[in-house]
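Numbering (the working numbering), first residue to last: -2 to 109.
No residue lacks a Cβ here, since even glycine has one placed at the ideal position from N, Cα and C.
Computed from a prediction, not measured in an experiment: that's the story for all the values here.
Following: one structure in structure tokens, then a few remarks.
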């Protein structure tokens, strides 16, 4: 069973926006959809490293602000004709708090 760490309150992220979680290996963007789903992925577009947290969210996708690549929030995969992916991290919401899988975070840091 994975351990989850509290990274903040759901209400701290407006619907259809993101906040950053800074780690030793870079930033993770945590997105809240209009339907209150929460997703976490590396804050670097696979194309040119654009900050996905500054992109335009639509449904369960984010459009990179640099070159309009569309990335799935649930899979981290580029959509359409573009190819590439970003790492995603398991998150859950419990009692209004956003919890991130600490084991997945540690594994991603060890892989870098």
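With DSSP as the reference, label residue i as helix, strand or coil.
i          : result
residue 99 : helix
residue 39 : strand
residue 3  : strand
residue -2 : A caution first: residue -2 carries a pLDDT of 43, below 50, which makes its placement in the model too unreliable to give a value.
For the beta strand (DSSP E) holding residue i, just list the boundary residues, first then last.
i          : result
residue 23 : 23 to 29
residue 14 : 14 to 20
If residue i and residue j are in contact, beta carbons under 8 Å, what's the gap, nearest whole angstrom?
i          : j          : result
residue 84 : residue 38 : 6 Å
residue 25 : residue 49 : Contact flag wrong, Cβ pair sits at about 10 Å.
residue 90 : residue 7  : 5 Å
residue 47 : residue 63 : 3 Å
For chain D, find out if any of its Cβ atoms is closer than 7 Å to the Cβ of residue i; answer yes or no.
i          : result
residue 11 : Protein chains in the displayed structure number just one, and chain D is not present.
Checklist entry - Touch check for the region 16 to 31 and the region 51 to 71: three-plus C-beta pairs under 8 Å? => result Here the region 16 to 31 lies against the region 51 to 71, with 3 or more beta-carbon pairs under 8 Å apart.
Next on the checklist: Going residue by residue through the region 52 to 87, where are the continuous beta strand (DSSP E) segments of at least 3 residues, counting only ones entirely within it?
Outcome noted: DSSP runs (the beta strand (DSSP E)) wholly in the region 52 to 87: 53 to 55, 58 to 60 and 67 to 69.
Next on the checklist: Quick check: the region 69 to 85 against the region 6 to 22, are at least 3 beta-carbon pairs closer than 8 Å?
Outcome noted: Contact fails: fewer than three Cβ-Cβ distances are below 8 Å.
Checklist entry - Should the region 86 to 98 be called in touch with the region 1 to 14, which here means at least 3 C-beta pairs below 8 Å? => result Yes, since at least three Cβ pairs between the region 86 to 98 and the region 1 to 14 fall closer than 8 Å, the two stretches touch.
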